[in-house]
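Protein chains in written order, with my numbering: chain A, 563 to 735; chain B, 2 to 489.
First the structure, in the form of structure tokens, and then the observations on it.
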Amino acid sequence: MEELILKAQKGDEDAFTSLVYEIRQDLYKIARCRLSCEDDIEDAIQETMIVAFKDIKKLKKLEAYKKWLIKILVNKCNYIYKKNKNRNVSFDNINPESACMENERYTELEEMDFYRVLSGLTYDERMAITLFYLEEYSLKEISKLLKTNENTVKTKLKRGRNKIKQRYIEGGF
Amino acid sequence: MDKEEQIIMDLSKDIKIPYSYDVAIRTALNKKRKPNIMLLIRNVIIWIVSALSVLCGSFGVYAATGGEINGIPAFEWLGINFSSSYVDYKQEVKETTTTYNKTSVELVGTLASDYVTVLEFDVKLSEEDKQYLRLGETVYTEQDDIDLEKSLKQIEEDYQRSLENVDEMYSNTEDKDAAQQMKDDRKDQYVLQKKYAEERIEEFKKYINTIQLGFNKESIDGEIDFFENFPHSKDNIILDGEEIWCRNYENVVKVSDNEYKVYHVFLLTDDDLKGKTSYNITLKNNIIANNAQLKHGEDTQHEGFSLANTPNNARRIDIEGEFSVDVSKDKILADSNIIKLTDKKASYKNVTQEIEEISINPIQTIIRTKTIITGVASNKRYDYEDEIQNPLWVEFNITDENGNELKASSFETKKILTKGDGTVEEWYPGDIDGMSKYSNGTFELTEYIIVENNNTNKMKITTSFPAPSKEGNGEKYHTLAPIEIDLT
Chain A
563 MEELILKAQK
573 GDEDAFTSLV
583 YEIRQDLYKI
593 ARCRLSCEDD
603 IEDAIQETMI
613 VAFKDIKKLK
623 KLEAYKKWLI
633 KILVNKCNYI
643 YKKNKNRNVS
653 FDNINPESAC
663 MENERYTELE
673 EMDFYRVLSG
683 LTYDERMAIT
693 LFYLEEYSLK
703 EISKLLKTNE
713 NTVKTKLKRG
723 RNKIKQRYIE
733 GGF
Chain B
2 MDKEEQIIMD
12 LSKDIKIPYS
22 YDVAIRTALN
32 KKRKPNIMLL
42 IRNVIIWIVS
52 ALSVLCGSFG
62 VYAATGGEIN
72 GIPAFEWLGI
82 NFSSSYVDYK
92 QEVKETTTTY
102 NKTSVELVGT
112 LASDYVTVLE
122 FDVKLSEEDK
132 QYLRLGETVY
142 TEQDDIDLEK
152 SLKQIEEDYQ
162 RSLENVDEMY
172 SNTEDKDAAQ
182 QMKDDRKDQY
192 VLQKKYAEER
202 IEEFKKYINT
212 IQLGFNKESI
222 DGEIDFFENF
232 PHSKDNIILD
242 GEEIWCRNYE
252 NVVKVSDNEY
262 KVYHVFLLTD
272 DDLKGKTSYN
282 ITLKNNIIAN
292 NAQLKHGEDT
302 QHEGFSLANT
312 PNNARRIDIE
322 GEFSVDVSKD
332 KILADSNIIK
342 LTDKKASYKN
352 VTQEIEEISI
362 NPIQTIIRTK
372 TIITGVASNK
382 RYDYEDEIQN
392 PLWVEFNITD
402 ENGNELKASS
412 FETKKILTKG
422 DGTVEEWYPG
432 DIDGMSKYSN
442 GTFELTEYII
452 VENNNTNKMK
462 ITTSFPAPSK
472 EGNGEKYHTL
482 APIEIDLT
């Protein structure tokens, strides 16, 4: 990973693309927390890559690469969400028939644990849970990214966990 | 397994990702980037963006439109016709300096008015220096062909390496379609790069060498190879003994094969002059350099870009001695009407603009404006939709009493950011400090607008802030209500 970052910092586009490709699953999930429209997710990832590639030279802590990229992605997703609010439906209402996903097959949606874990949670709860458990962010880092304080993040995590727990108890999984 | 571990495990499971998402990643860096710009720069060809140079003012603009002299600089500079009153107000001076080889540069006149100071030079080149500067020849050299061969070889090597990278990237996957897609993208890029490299030579042949004057070379530091070709880009004037940077432009008119008339225009603000109306300008460590100019009737294939020079073509000659000249605005000020305003404002969302002063002089009209932009934050730098956050530049539309547009050119001369915590940063005019972090800040912009000489009794000034659209395919404009001013 470090070698790829150094190459990317020297302007190697393929190295940078490989870096993003390696973590595409995580980036997709984070984008999914905010956006439901595939077109918007693809725009978000592309915008993120363009900005990140331009600025990667400035990245000093190579180990922070992924978090740095996620930060850019979250901001891009928020921007796109704000702009296209009407077509980004609630996370719980992701509909395989919706127009912007007509080319994609979502017949396996019900089997996807990521979606089921996070269904019924608010955006902040989804992000807090995803960043905390999947990306191993600290409370402080989440609070910075979501532009809120640590206590609020704690509350979001707690509520999110309780909702998920309730579903486990109910045998939802 | 406890619930938390189960959550982690469930969240970590791969989910189905659409193929189009993969494609989006693979093509992101190709999709929205203009493909040719970096390539053009890559081969160390020096171009200037004419529009940008007006905005940033870092480079001289060299144009020899017009051509009729008869004592009047009948050039259109920055889109404004210079007033024929120039001859009435020009101060004659006689100060000659001579280089070796019998080339001479003579400062023959000055004109100082509000914001605009013009120095007029006669340049006579010896035959030897004319040949050395390659004047009258195209900027193309035989070395460019040799360099082209090297470039093509490098492009080929880069392309082959990129294909190997793709193979390596997809070595552990079965997704052959994706690998092929990426290879196809690389091939498209490779073909484009080759095309531009080959076309570049033809582009050079469209440009012919003329001259430029450069001043105060000793104060130029930094990337010397770059500044070699832009001698006006750093501290470029010694004003009453103090080296300062100011916007400056140059207009070159060819008189004969060996003779040129050069009008060098310095744009000096009230702050630069510290309120003085008479001042001394010193120019030392000066040079004559060659400079690319598009041949009459030719069109560059790169719209908005002008070739300034190439490494294989660039030549310069040092001028011995220095110029020191006293100039005064007093004569023009005596014939000027200066209107100071306090209540001419327009507001729009988080922007308030005020017209502070209008100076109507025999050469042109100068408008000074101040724009205050509140509530700016670095993390909203790219939020263009709802408010002004990133005032890269401001556009003005000036009309006369009959609604006809007046030719005008505007220059940001000061950009001050006061951050929410009270700290103050002064940015280079026309520049945005992308590294600065701030919230709840306030920008204060000072702009000078030069309006072509006119006889209107009323003026309407409409201001717009272009906001590059997110898609990068045009501008969205935030426009303030027009401000009307009675000039009588």
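Glycine residues also receive a C-beta, built at the ideal position from the N, C-alpha and C atoms.
Would you be able to state if there are at least three C-beta pairs under 8 Å between the stretch 109–124 of chain B and the stretch 260–276 of chain B? Contact between the stretch 260–276 of chain B and the stretch 109–124 of chain B is present, because at least three Cβ pairs lie under 8 Å.
Compute the Euclidean distance between the alpha carbons of A/Arg667 and A/Cys595, then round it to the nearest angstrom. Position 105 of the first sequence, counted from the first residue, corresponds to residue 667 of chain A. Position 33 of the first sequence, counted from the first residue, corresponds to residue 595 of chain A. Any answer about A/Arg667 is weak, because its pLDDT of 32 lies below 50 and its placement is not dependable; what the coordinates show is given next. Going by the C-alpha atoms only, they are around 19 Å apart.
Per DSSP, what kind of secondary structure is B/Thr211 in: helix, strand or coil? If you number the second sequence from 1, residue 211 of chain B lands on position 210. It is a strand residue.
Excluding five sequence neighbours on each side, which residues of the same chain lie with their C-beta closer than 7 Å to the C-beta of B/Leu274? By 1-based counting over the second sequence, the position of residue 274 of chain B is 273. Exclusion of the five residues before and after B/Leu274 leaves Tyr280 as the residues of its chain whose Cβ lies within less than 7 Å of its Cβ.
Cβ of B/His265 within 8 Å of Cβ of B/Phe412? Looking up residue 265 of chain B in the second sequence gives position 264. Looking up residue 412 of chain B in the second sequence gives position 411. Contact flag unset, no.
Beta bridge counterpart(s) of B/Ala293 as assigned by DSSP: The sequence position of residue 293 of chain B within the second sequence is 292, counting from 1. Paired residue(s): B/Asn210.
DSSP three-state call for B/Asn380: helix, strand or coil? On the second sequence, residue 380 of chain B is found 379 positions in, with the first residue counted as 1. If DSSP states are grouped into helix, strand and coil, B/Asn380 belongs with the helices.
From this set, B/Lys381, B/Asn291, B/Ile399, which residue's C-alpha is nearest B/Asn391's C-alpha? As a first step, residue 391 of chain B must be located in the second sequence, where it is residue number 390. Per the Cα distances, B/Lys381.
DSSP on A/Asn640, reduced to helix/strand/coil? For the purposes of this step, residue 640 of chain A is identified with residue 78 of the first sequence, where counting begins at 1. Correct three-state label for A/Asn640: helix.
Residues in its own chain within less than 7 Å of A/Val679 by CB, not counting five upstream and five downstream? As a working note, residue 679 of chain A is residue 117 in the first sequence. Ile726.
Opening and closing residue of the alpha helix (DSSP H) in which B/Lys262 lies: Residue numbering aside, residue 262 of chain B sits at position 261 when the second sequence is read from its first letter. Where B/Lys262 is concerned, there is no enclosing alpha helix (DSSP H), although the beta strand (DSSP E) it sits in stretches over 260–268.
Should B/Ile190 be labelled buried (16 or more other beta-carbon atoms within 10 Å of its own) or exposed? In the second sequence, counting from the first residue as 1, residue 190 of chain B sits at position 189. It should be noted that the sequence gives Gln, not Ile, for residue 190 of chain B. When all chains shown are included, B/Gln190 counts as buried.
State buried or exposed for A/Arg698, treating a residue as buried only when at least 16 other CB atoms are found within 10 Å of its CB. One-based indexing of the first sequence puts residue 698 of chain A at position 136. Rather than Arg, the amino acid found at residue 698 of chain A in this sequence is Glu. Exposed.
Using the C-alpha atoms, what's the distance from A/Trp630 back to A/Lys622? Sequence index remark: in the first sequence, residue 622 of chain A carries index 60 (1-based). Sequence index remark: in the first sequence, residue 630 of chain A carries index 68 (1-based). Their Cα atoms are separated by approximately 11 Å.
Can the beta-carbon of B/Tyr160 be found less than 8 Å from the beta-carbon of B/Arg135? Taking the second sequence and counting its residues from 1, the one referred to as residue 160 of chain B is at position 159. Taking the second sequence and counting its residues from 1, the one referred to as residue 135 of chain B is at position 134. No; because the gap between Cβ atoms is not below 8 Å, this pair is not in contact.
Using three-state DSSP, classify B/Ile202 as helix, strand or coil. Residue mapping note: residue 202 of chain B aligns to position 201 of the second sequence, counting from 1. It is helical.
With B/Lys346 as the anchor, note down where its beta strand (DSSP E) starts and where it stops. Within the second sequence, numbered from 1, the residue matching residue 346 of chain B stands at position 345. Note, B/Lys346: beta strand (DSSP E), 346–349.
Alpha carbon to alpha carbon, how far is B/Asp434 from B/Tyr478? Give it in angstroms, no decimals. Mapped onto the second sequence, residue 478 of chain B falls at position 477. Mapped onto the second sequence, residue 434 of chain B falls at position 433. Roughly 22 Å between the two C-alpha positions.
CA-CA distance, A/Ile585 and A/Phe578? Position 23 of the first sequence holds residue 585 of chain A. Position 16 of the first sequence holds residue 578 of chain A. Taking the straight line joining both Cα atoms gives about 11 Å.
What does the alpha-carbon distance come out to for the pair A/Ile634 and B/Lys415? Here the question's residue 634 of chain A lines up with position 72 in the first sequence. Here the question's residue 415 of chain B lines up with position 414 in the second sequence. If you take the alpha carbons of A/Ile634 and B/Lys415, they lie about 31 Å apart.
According to DSSP, is B/Tyr280 part of a helix, a strand, or is it coil? In the second sequence, the residue the question calls residue 280 of chain B occupies position 279. Correct three-state label for B/Tyr280: strand.
What does DSSP give as the partner residue(s) for A/Asn711 in the beta ladder? On the first sequence, position 149 is the one that residue 711 of chain A refers to. In DSSP, A/Asn711 forms no bridge with anything.
Using only the alpha-carbon positions, how far apart do A/Ser508 and A/Lys720 sit? Outside the modelled stretch of chain A, which goes from 563 to 735, sits residue 508 of chain A, for which no answer is possible.
Just checking: is the beta-carbon of B/Ile8 within a distance shorter than 8 Å of some beta-carbon in chain A? As a first step, residue 8 of chain B must be located in the second sequence, where it is residue number 7. Judged by the 8 Å Cβ criterion, B/Ile8 is in contact with chain A.
Measuring straight from C-alpha to C-alpha, what distance separates B/Phe83 and B/Asp89? Your numbering for residue 83 of chain B matches position 82 in the second sequence. Your numbering for residue 89 of chain B matches position 88 in the second sequence. Straight-line Cα distance between these residues: approximately 13 Å.
At a CB-CB cut-off below 9 Å, which residues of chain A make contact with B/Met460? By one-based count along the second sequence, residue 460 of chain B stands at place 459. The premise fails here: B/Met460 is roughly 38 Å from chain A at the closest Cβ pair, so nothing lies under 9 Å.
Go ahead and label A/Leu568 buried or exposed: buried means 16 or more other beta carbons lie within 10 angstroms of its beta carbon, across all protein chains shown. Locating residue 568 of chain A in the first sequence gives position 6, counting from the first residue. Burial call: exposed.
What does the alpha-carbon distance come out to for the pair A/Asp602 and A/Tyr590? Along the first sequence, read from residue 1 onward, the residue named residue 602 of chain A stands at position 40. Along the first sequence, read from residue 1 onward, the residue named residue 590 of chain A stands at position 28. Rounded to the nearest angstrom, the two C-alpha atoms are 11 Å apart.
Using the C-alpha atoms, what's the distance from B/Gln294 back to B/Gln213? Against the second sequence, residue 213 of chain B aligns to sequence position 212. Against the second sequence, residue 294 of chain B aligns to sequence position 293. Roughly 11 Å separates the two Cα atoms.
Can you find a C-beta in chain A that's less than 8 Å from the C-beta of B/Val140? For the purposes of this step, residue 140 of chain B is taken as the residue at position 139 of the second sequence. False, the Cβ-Cβ gap to chain A never drops below 8 Å.
Chain B contacts made by the stretch 681–710 of chain A, where a contact means CB separation under 8 Å: Ile691, Thr692, Tyr695, Leu696
Any chance you could list the beta strand (DSSP E) runs of at least 3 consecutive residues sitting entirely within the stretch 130–213 of chain B, in chain order? Within the stretch 130–213 of chain B, there are no complete beta strand (DSSP E) runs of at least 3 residues.
Can you give me the C-alpha to C-alpha distance between B/Asn458 and B/Lys341, rounded to a whole angstrom? For the purposes of this step, residue 458 of chain B is taken as residue 457 along the second sequence, with counting starting at 1. For the purposes of this step, residue 341 of chain B is taken as residue 340 along the second sequence, with counting starting at 1. Each residue's Cα considered, the two are about 16 Å apart.
Any Cβ of chain A within less than 8 Å of the Cβ of B/Ser166? Indexing the second sequence from 1 puts residue 166 of chain B at position 165. Per the sequence presented here, residue 166 of chain B reads as Asn, with Ser not at that position. It does: the Cβ of B/Asn166 has a partner Cβ on chain A nearer than 8 Å.
Output needed in chain order: residues of the stretch 10–24 of chain B with a Cβ under 9 Å from some Cβ in chain E. Of the protein chains in this structure, namely A and B, none is chain E.
DSSP beta-bridge partners of B/Glu358: Start at 1 with the first residue of the second sequence, and residue 358 of chain B comes out as number 357. Under DSSP, the beta-bridge partners assigned to B/Glu358 are B/Lys341, B/Arg369.
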